[in-house]
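Protein chains in written order, with this note's numbering: chain C, 1 to 352; chain X, 1001 to 1329.
Here the structure is laid out as structure tokens; the discussion comes afterwards.
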Amino acid sequence: MKSGSATEHRGVTEANGFESDRLAPLEERARGADPSLVKDLLEKMLLIRRFEEKAAELYALGKIGGFCHLYIGQEAVAVGAISALGPDDYIFCSYREHGHALARGMDAGAVMAELAGKATGCSKGKGGSMHLFDTRIGFLGGHAIVGGHLPLAAGTAFAAKYQNQPRVTACFFGDAAVNIGAFHESFNLAQLWNLPVVYVCENNEFGMGTPIEKASSIDPLHERACGYGMAHTAVDGMDVLAVREVVGEAVERARRHNLPTFIEARTYRYMGHSMSDPAHGTYRTRAELDEHRRHDPIKRLTSALESIGALTPEAFEESDAQVRQVVEQAAAFAEESPDPASDDLHSDVYRD
Amino acid sequence: MPTLAYREALNQAMSEEMRSDERVFLLGEEVGAYNGAYKVSKGMLEEFGPKRVLDTPISELGFTGLAVGAAMAGLRPIVEMMTFNFSLVALDQIINGAAKMLYMSGGQCPVPIVIRGPGGAAHQLSAQHSQSLESWYANVPGLKVVMPATPADAKGLLKSAIRDNNPVIFIESEVLYGMKGEVPEGEYTIPIGVADVKRTGKDVTIIAHLKMVYVALEAAAELAKEGIEAEVIDPRTLRPLDERTLLDSVRKTNRAVVVEEGWPFAGVGAQFADLIQREAFDFLDAPVLRVTGADVPMPYAKPLEHAAIPDKARVIEAVHRVLYRRQAT
């Protein structure tokens, strides 16, 4: 994050009909929130963290192949945003999408099995880490060409409107995607045709190893939406409740008024771009990484809850232990699952 | 049987399918108020309204990707490319998106979409507007590639394409839009993946698609005067390819000439030649010859353009060579 809390980031114009009240401190919002919801958000973030740690371990053991992009550090974005969606809403993601799949409620075993290339994976072992799909929960993929899924998200939003269905599409992508043509064409169409889509840019400050200041002519990135007359705002992406609230407003706006919104969630990834590059030492320093870790989304929520007496260290440990067990079971399921059959090579190319 | 222009046949196919299936809609540049750059969608805005006939900005990547997403959500979009040259800016959405979605989702996400418009050269449109890109698309698993040469084929195949549950690249021809032909009345479809014998013969097989069918037929008529009976096969669908009809013909005639408007290197004709040598080697009495577009960007000047596109004379010359005959003159 270039600056501190969400309160400094929210600059949506009134003309776009987007409320621009400033957020109260996290403690205050946590106190006002439904305790079971807050517990669920915390546990989902923890699940993603532990899952990704396990994925890194399995990758190092050669049990996961290909490219593997971890989400550690960014958990509050997927968890907060997806908690604001309804069960029939659509989700599109980039290739860093394990966290979104888990946040949406995809079975951790099916995700891990997909990473391991097993027949029981959510995409039958044909997609891998970058192409997680589960249409039953509206999870329409991990997509691995930067920005390539932004038009698809406009398309499901178009279809919902065409069919008079109150379904919203949420589309997640990284900061590097704002510089590719698909971003601009999608934004133009989404606003021109009033489509119910929420575009969430997860600004983790680097496109692979290239910092934003070397890639974008404008920062803050959410101001890109001005060129299309689209409502836009930034949110502290390390604050799960702030993300939930801001995305929730955008989702309502999409559902009620068929209007798109662009949200820039400021966040940070702790690991390398993928498993093939180090967390620090090339394009960023250890000190920089450590500084960001001070704003860790899980720690921040935990501290806030502890400070208002809504969480004890014991309760946290209990949640963590449960989550670790889910992850161990997922890893065991992936390990024990069969490889895809050779017959599967040629299936699913065409649909009869 | 009523006579329709090729563009009218396409219009009928789209309109009939839109009347019977609310999920079908048309989008593209100028398809609405302008009635289509080549008037293929004439009257459709009036009949179906702006919800189902959508004028888009000049934004092929954006609206093609939007259509792919709409197909993922259960609609059946028809995307009109003003010309297939412009599909190049939408290639990522077609190849990385439409073609692969079903496979990489493990069978969860079919993409029933038709991307249609004219391909190939017209008249002096020069390098960026005169390209035959069918071999590019036919290379990609997950796509179907259809190229109708007659009004009847255009109607029957487009209706099948719209009903197909896969992405279909449907390439028409600017110079065929005005061509008239008989089209069966009523419900009329042609299955994708079935070739058509446009002329029967016993001495040589000429394989040609889209407007090269007419070049092949002209050549066949000329050859008949010298007693050579050429069989002209129009695959109509390049992917999936009706291998059997092609091979049956070559097994009968023992000689084949493949005509295509596109560039020679890795063109679709190379695929046909591969098929024939592989599956009918023992039946061949001569090497398979190809007549292709020149290996150059399309020039503007009329004589150069003519020299770049296969014509009757070059097809006749190739037929003479596979028959080991001297040319007439």
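All residues carry an ideal CB built from backbone N, CA and C; glycine is no exception.
Item                                                                                                                                                                                               : Value
For GLU43 of chain C, which beta-bridge partners are listed by DSSP?                                                                                                                               : Its beta-bridge partners do not exist; DSSP assigns none.
Nearest chain X C-beta to TYR228 of chain C closer than 8 angstroms, yes or no?                                                                                                                    : no
Between PHE1048 of chain X and chain C, is the shortest Cβ-Cβ distance under 8 angstroms, so that the two count as touching?                                                                       : no
Taking the straight line between their C-alpha atoms, what separation do you get for ALA24 of chain C and GLY127 of chain C?                                                                       : 42 angstroms
Exposed or buried, what is GLU1182 of chain X when buried is set at 16 or more other beta-carbons lying within 10 Å of its beta-carbon?                                                            : exposed
Pull the bridge partners of PHE1272 of chain X from the DSSP assignment, please.                                                                                                                   : In DSSP, PHE1272 of chain X forms no bridge with anything.
Please compile the residues from chain C whose C-beta is within a distance smaller than 7 angstroms of the C-beta of LYS1159 of chain X.                                                           : Within 7 angstroms Cβ-Cβ: nothing; LYS1159 of chain X doesn't reach chain C, min ~17 angstroms.
Mind listing the chain C neighbours of ASP1092 of chain X? Cutoff is C-beta to C-beta under 8 angstroms, in chain order.                                                                           : ILE145, GLY148, ALA182
Output the distance between the C-alpha atoms of ILE1095 of chain X and VAL1140 of chain X, rounded to the nearest integer angstrom.                                                               : 7 angstroms
Label ILE1115 of chain X either buried or exposed according to how many other C-beta atoms from any shown protein chain fall within 10 Å of its C-beta, with 16 as the threshold for buried.       : buried
Are LEU1238 of chain X and VAL1145 of chain X close, meaning C-beta to C-beta below 8 angstroms?                                                                                                   : yes
Which class does GLU19 of chain C belong to by DSSP, given the choice of helix, strand or coil?                                                                                                    : Low confidence applies here, because GLU19 of chain C scores a pLDDT of 39, under 50, leaving its location unreliable and the question unanswered by this model.
Ignoring anything shorter than 3 residues, give me the beta strand (DSSP E) runs that lie fully in the segment 311 to 350 of chain C, in order along the chain.                                    : none
For the 8 angstroms Cβ check, are there 3 or more pairs between the segment 222 to 241 of chain C and the segment 205 to 212 of chain C?                                                           : no
Comparing the C-beta of ASP21 of chain C with each C-beta of chain X, is any distance below 8 angstroms?                                                                                           : With a pLDDT of only 47 at ASP21 of chain C, under the threshold of 50, the placement of this residue in the model should not be trusted, and no figure is reported.
Can you determine whether any heavy atom of the ligand SAH sits closer than 7 angstroms to the C-beta of GLU213 of chain C, and answer yes or no?                                                  : This structure does not include the ligand SAH; it has no bound ligands of any sort.
What residues in its chain sit with their C-beta under 7 angstroms from that of VAL1068 of chain X, if we drop five residues either side in the sequence?                                          : GLN1093, GLY1097, ALA1098, VAL1111, ILE1113
Which residues mark the beginning and the end of the alpha helix (DSSP H) in which GLU1231 of chain X is found?                                                                                    : Segment 1230 to 1234 is the beta strand (DSSP E) holding GLU1231 of chain X; no alpha helix (DSSP H) there.
Going along the chain, which residues of its own chain have a beta-carbon closer than 6 angstroms to the beta-carbon of GLY73 of chain C, five neighbours each way excluded?                       : TYR268, ARG269, TYR270
Closer than 7 angstroms between beta carbons: that is the criterion. Which residues of the segment 1058 to 1084 of chain X meet it against chain C?                                                : SER1059, LEU1061, GLY1062, PHE1063, GLY1065, LEU1066, ALA1067, VAL1068, GLY1069, ALA1070, MET1072, ALA1073, GLY1074, LEU1075
Step through the CB atoms of chain C and report whether any lies within less than 8 angstroms of the CB of SER1105 of chain X.                                                                     : yes
Using the C-alpha atoms, what's the distance from ARG1251 of chain X back to PRO1310 of chain X?                                                                                                   : 25 angstroms
Can a CB atom of chain C be found closer than 8 angstroms to the CB of PRO1141 of chain X?                                                                                                         : yes
Would you verify that the beta carbon of GLN1271 of chain X is, or is not, closer than 8 angstroms to some beta carbon of chain C?                                                                 : no
DSSP on GLU223 of chain C, reduced to helix/strand/coil?                                                                                                                                           : helix
With 8 angstroms as the limit, tell me which residues of the segment 325 to 349 of chain C have their beta carbon closer than that to any beta carbon of chain X; keep them in chain order.        : SER347, ASP348, VAL349
By the criterion of Cβ-Cβ separation under 8 angstroms, what are the contact partners of VAL1102 of chain X in chain C?                                                                            : Sequence check: residue 1102 of chain X is Leu here, not Val. In chain order: ASP348, VAL349, TYR350, ARG351.
Out of X:ALA1308, X:VAL1258, X:PHE1086, X:ALA1224, point me to the one whose CA is closest to LEU1133 of chain X's CA.                                                                             : X:PHE1086
GLY1193 of chain X to HIS295 of chain C, Cα distance in whole Å?                                                                                                                                   : 59 angstroms
Let me see if you follow: with CB-CB separation under 8 angstroms, is GLU264 of chain C close to chain X or not?                                                                                   : no
Since LEU85 of chain C and ALA170 of chain C are thought to touch, with beta carbons under 8 angstroms apart, how far apart are those beta carbons, to the nearest angstrom?                       : 6 angstroms
Under a three-way DSSP split, which group does ARG1019 of chain X fall into?                                                                                                                       : helix
Taking ASN188 of chain C as the query, report the chain X residues whose CB atoms sit under 8 angstroms from its CB, ordered along the chain.                                                      : PRO1057, SER1059, GLY1062
Identify every run of the alpha helix (DSSP H) within the segment 1119 to 1177 of chain X, keeping only runs that are complete inside it and at least 4 residues long; order them along the chain. : 1134 to 1138, 1151 to 1163
Of all Cβ atoms in chain X, is any one closer than 8 angstroms to the Cβ of SER123 of chain C?                                                                                                     : yes
Using a Cβ cut-off of 7 angstroms, which residues of the segment 127 to 138 of chain C contact any Cβ in chain X, in chain order?                                                                  : GLY127, HIS131, PHE133, THR135
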